[in-house]
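To start, the structure itself, in structure tokens.
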Amino acid sequence: MGVEVHDPRWLTAVPGAELVVGLDDVGGYAAAGHRVTVMIDLVPDNVASLRGMATEAVGEGARKVRVRPHGVDRVDLVYAAVELNRVAEDDAVEVQFDVTSAALLRADPSAFVRVDPLVVKADGTVVPICAGLEQYALGSLGSLEELRRSWDPEPVQDLCRVALGRALADTGPLVSWYEHLTRTAAEMRASC
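Mapping the sequence shown onto the numbering used here, position 86 (from 1) lands on 1491, and the numbers just tick up by one.
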């Protein structure tokens, strides 16, 4: 099970975890010798500057570029996918675009009913899959193995099933899976 941390102090508690930071923090953490993944939140206002932001992050030392869309329309998702492909080729860097194809959702829905990766937020809270699912938190980081043993993943799998149904209704070629998850989680929390 993959683990990403959002503060380097948790790297010693979770060996092998991926350090994920914002664009402004890449240079400092890369200079300190960390393997850094930059997280870029893609919103309608920054779609046109995505390639520049990604290239800047790589120039600052990011070894991986991860882009998470929020409220971006279908046309901009396709544009962003093309730009990120160019970044991957031009800068020889790993790129993770947090979208999936609608065809893959239909072909293998079980791949989306999962509880990983685990995310260690800056305050030590461990949540499944992505930030925004705090009501499904395992707890605060002490021992990751201890948290896993005492945690019931079934509510997260239920959330994934509901979000999957909504994502399958999305008619575009690309689907922002994490956005569906967090939006569904927020709606489910509000209906409790």
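Where a beta carbon is used, it is the ideal one built from N, C-alpha and C, also for glycine. Just so it is clear, the structure is predicted and the values come from calculations on it, not from any experiment.
I'd like the span of the beta strand (DSSP E) that includes residue i, first residue to last.
i            : result
residue 1501 : 1499–1502
residue 1431 : Element bounds for residue 1431: not the beta strand (DSSP E) but the alpha helix (DSSP H), 1431–1436.
residue 1424 : 1423–1426
residue 1538 : That residue, residue 1538, is in no beta strand (DSSP E); it is neither H nor E in DSSP.
Using three-state DSSP, classify residue i as helix, strand or coil.
i            : result
residue 1545 : strand
residue 1566 : helix
residue 1361 : Residue 1361 cannot be examined here, being either before or after the span of the chain that is shown, 1406 to 1597.
residue 1506 : strand
residue 1524 : strand
Can you check whether the CB of residue j is closer than 8 Å to the CB of residue i?
i            : j            : result
residue 1423 : residue 1442 : yes
residue 1453 : residue 1549 : no
residue 1447 : residue 1477 : yes
residue 1420 : residue 1439 : no
residue 1525 : residue 1415 : yes
residue 1408 : residue 1523 : yes
Could you tell me which residues DSSP pairs with residue i in its beta bridges?
i            : result
residue 1471 : 1444 and 1501
residue 1530 : 1545
residue 1580 : 1505
residue 1408 : 1523
Exposed or buried, what is residue i when buried is set at 16 or more other beta-carbons lying within 10 Å of its beta-carbon?
i            : result
residue 1430 : buried
residue 1590 : buried
Grab the span of the alpha helix (DSSP H) containing residue i for me, first residue to last.
i            : result
residue 1490 : 1479–1496
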